[in-house]
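Residue numbers (the working numbering): 2 to 175.
From the three backbone atoms N, C-alpha and C, an ideal C-beta is built for every residue, glycine too.
Everything below concerns the one structure shown next.
This is the structure in structure tokens:
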């Protein structure tokens, strides 16, 4: 069984960060797997699963990555990733939901609770608070895995939350 590392970076959003790190890892002879990147305020977060080539330990890899100028002012962690990298059926995105409108305390908690109550698995989640002349706007994007027979009641529940909170809702099946 292959050894995998989780490479995590939180720091400044620098041009070339992802391409430089991906190229470095490819040249090492391993394989980059699932990767996520997000801007967080003025900073950035990057997470990568990396299948280590034979003879390379995740600790040694971490030492090498920390020497790279692209990550010098951020926090880098390289850890042993012991979870399965092959995904099951609950990771297949079946629906995408976008909610937008005025920012409201507790909104994310209400939506995620409703998704949980209806058996949805959140595969991806992104929220943004945007400053605008009419006040802060909130956008939440959910990519979920949901059994077909549960979709109508789940989507209706999310639509009800949107109506109650005067939000715009868009959804699509994947």
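Nearest to residue 63 by alpha-carbon distance, out of 80, 71, 27 and 143, is 80.
Taking 8 Å as the upper bound for CB-CB distance, residue 97 and residue 38 are not in contact here, some 19 Å apart. Residue nearest to residue 130 within the set 16, 3 and 105 is 105 (criterion: CA-CA distance). In this structure, residue 75 sits away from residue 51, with a CB-CB distance that is not shorter than 9 Å.
For the region 28 to 65, the full-length beta strand (DSSP E) segments reaching 3 residues or more read 32 to 41 and 44 to 52 along the chain. Three or more pairs of CB atoms, one per stretch, sit closer than 8 Å, so the region 107 to 123 contacts the region 146 to 165. Counting along the chain, the unbroken alpha helix (DSSP H) around residue 112 starts and ends at 108 to 118. In terms of CA proximity to residue 18, 72 leads the group 72, 44 and 126. Contact check for residue 115 and residue 158: beta-carbon distance about 5 Å, within the 8 Å limit, so the pair qualifies.
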